[in-house]
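Visitor: One structure, pasted below without further comment.
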Amino acid sequence: MKLLSHVVNLIFPTKCQNCDSTVSADAATAYFCKECWQGIERFDCPCCPRCGLPYTSHPDADNKSYYEQSAAGHLCGNCRDKPPSFDMAISAGRYTGALSEAIKLFKYKKKVHLGKKLTEWALKSPLVEDTLLNFHNPEYLHTTHTLLIPVPLHVKRLREREFNQSAIIASVIGRRFGIPVVANALIRHRHTRPQVELDGKERKENVVGAFSVEDRKIIEGKEIILVDDVYTSGSTVNECARVLKKNGAEKVYVMTIGRMAG
């Protein structure tokens, strides 16, 4: 089978979905060259401790360590002016290049195995791993009852797509860290336009009243890790967090693979 794969690749070479170069048969994935896959940008700079916005501007390029110390722990302007409903958001990397192309293939082209690979990649991010390890402690889990909840799709979109990408991401995280996944705790009861088609103001209006909790006993007093594929404007996860807290959730954290950031 390995020989056959090499022969097929020679006759019908696969092109990298990011840079259009030829993908070798032993590439990390079937859709990207090694250079693009390994070059996906992880966030390693200081971030807003509330929304996770990366602080990438260095006012003093010759004194980066001073900048990192001064930026760490400080809220961004948006979070100072209007704090989000969630308590903290983290993302593994910038939603651009190979990462954005991989998420699109996973989400829109039904390449489910890519979703699993992307989640495994995200869990190697020190920021994501260190945060989730706090929830992995058995004593911590016993006292706070942490749950993983994927951002839900409306039943109409679920039928079209045939899977919920956020639920797949949550399942990988749940297995790795031993955190229960509750896929039906949060319901998307109103069909909305895709957020990608809208601007910032429209995105906020689009999701207002779109989510509900069917049984508040599931989430009451719990700490929730809300899972999605991409943090764009934050409107969707913010509305989800608002509804979860309204129904008794103690805290809501957000974890996404990618993030639009500047």
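The letter at position 252 of the sequence shown is residue 257 when you use my numbering, and the numbering goes up by one with no holes.
The beta carbon of each residue, even a glycine, is placed where N, CA and C say it ideally should be.
Does the stretch 39 to 50 touch the stretch 89 to 109, meaning 3 or more C-beta pairs lie closer than 8 Å?
Guide: Short answer: they touch.
Visitor: May I ask you to check if the CB of A94 is nearer than 7 Å to at least one heavy atom of the ligand GTP?
Guide: The ligand GTP is not among the ligands present in this structure, which contains no ligands whatsoever.
Visitor: Quick check on T241: does DSSP put it in helix, strand or coil?
Guide: Residue 241 sits at position 236 when you count from the first residue of the sequence shown. Three-state result, T241: helix.
Visitor: Identify, in the order they occur along the chain, each residue of the same chain with its Cβ nearer than 6 Å to the Cβ of D86, setting aside the five sequence neighbours on each side.
Guide: Sequence index remark: in the sequence shown, residue 86 carries index 81 (1-based). Taken in chain order, the list of residues that qualify is empty.
Visitor: Considering only their Cβ atoms, is the gap separating R195 from G214 smaller than 8 Å?
Guide: Along the sequence shown, one-based indexing puts residue 214 at 209. Along the sequence shown, one-based indexing puts residue 195 at 190. A contact, by the Cβ cut-off of 8 Å.
Visitor: Taking C-beta to C-beta, are F37 and A107 nearer than 8 Å?
Guide: One-based indexing of the sequence shown puts residue 37 at position 32. One-based indexing of the sequence shown puts residue 107 at position 102. The answer is yes: Cβ separation under 8 Å.
Visitor: Between I178 and T124, is the Cβ-Cβ spacing less than 8 Å?
Guide: Residue 178 sits at position 173 when you count from the first residue of the sequence shown. Residue 124 sits at position 119 when you count from the first residue of the sequence shown. Yes; because the gap between Cβ atoms is below 8 Å, this pair is in contact.
Visitor: Apply the 10 Å Cβ neighbour rule to D234 and answer buried if 16 or more other Cβ atoms are within range, or exposed otherwise.
Guide: As a first step, residue 234 is located in the sequence shown; it is residue number 229 there, counting from the start. Answer is buried; the Cβ neighbour count reaches 16.
Visitor: Taking 8 Å as the threshold, find out whether the stretch 206 to 213 comes into contact with the stretch 114 to 124 through three or more Cβ pairs.
Guide: The stretch 206 to 213, when compared against the stretch 114 to 124, does not touch it at the 8 Å Cβ threshold.
Visitor: What are the boundary residues of the beta strand (DSSP E) that includes R193?
Guide: Counted from its first residue, the sequence shown places residue 193 at position 188. Taken as a continuous stretch (DSSP letters only), the beta strand (DSSP E) holding R193 covers 191 to 193.
Visitor: With 16 other CB atoms within 10 Å as the buried threshold, where does K251 fall?
Guide: Here residue 251 is taken as the residue at index 246 of the sequence shown, counted from 1. Counting Cβ neighbours within 10 Å, K251 comes out exposed, since fewer than 16 surround it.
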